[in-house]
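Everything in the sequence shown is counted per our numbering, starting at 470 for the first residue and increasing by one.
We put the beta carbon where it would ideally sit given N, CA and C, even for glycine.
First the structure, in the form of structure tokens, and then the observations on it.
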Amino acid sequence: QAIFAKLLADRGMDGQVMSAGTGAVEGAAAATHAVQVMKEQGLDLSTHQATALTPALIDDADLILTMSESHKDVIRDMKPQAIEKTFSLKEFVGKSGDVADPFGRDVEVYRETATLLRQLLEEAIEKLPPLRQGKDENA
């Protein structure tokens, strides 16, 4: 979430970015290694609290990007009609495979995952429909 929001902001693009976990404990803090790696990249996750995925969040989303096909399956099970707007991140950019969850691994795995996510999200931005540039109160 933090990486994608920063990439959009750096390009002057408006878009709401949310993160919700298929197995998240509502309100849980980000993993220590995640906080550390994001801090190294100039992003602050120190106050992040996990959000559990709900049918309402799925309904509200225009696009859902998952790290894995299994996450996509959870969304399909919760809201079958949402599958048309749901893609694994690699699928969305024309690649195959999953982004492995670094949870429970060492900090270097978190760094590698962050690098991969940044690369994939940069590619994903190129495939997004046009987003408003900057904020226009009259729009």
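Using the three-state DSSP reduction, which class does residue i fall into: helix, strand or coil?
| i | result |
| --- | --- |
| A471 | helix |
| S537 | coil |
| F556 | strand |
| M487 | coil |
| R580 | helix |
According to the neighbour-count rule (16 or more other Cβ atoms, all chains shown, within 10 Å of its Cβ), is residue i buried or exposed?
| i | result |
| --- | --- |
| T555 | buried |
| L532 | exposed |
| Q572 | Residue identity check: residue 572 is Phe in the sequence provided, not Gln. When all chains shown are included, F572 counts as exposed. |
| L597 | exposed |
Considering only the alpha carbon of each residue, which of the options lies closest to residue i?
| i | options | result |
| --- | --- | --- |
| D575 | Q505, I552, I472 | Q505 |
| S488 | T516, D528, A503, L534 | L534 |
| S515 | A497, L526, A521, L522 | A497 |
| L445 | E595, T491, P598 | What is shown of the chain runs 470 to 608, which leaves residue 445 out entirely. |
| L589 | V578, A519, S565 | S565 |
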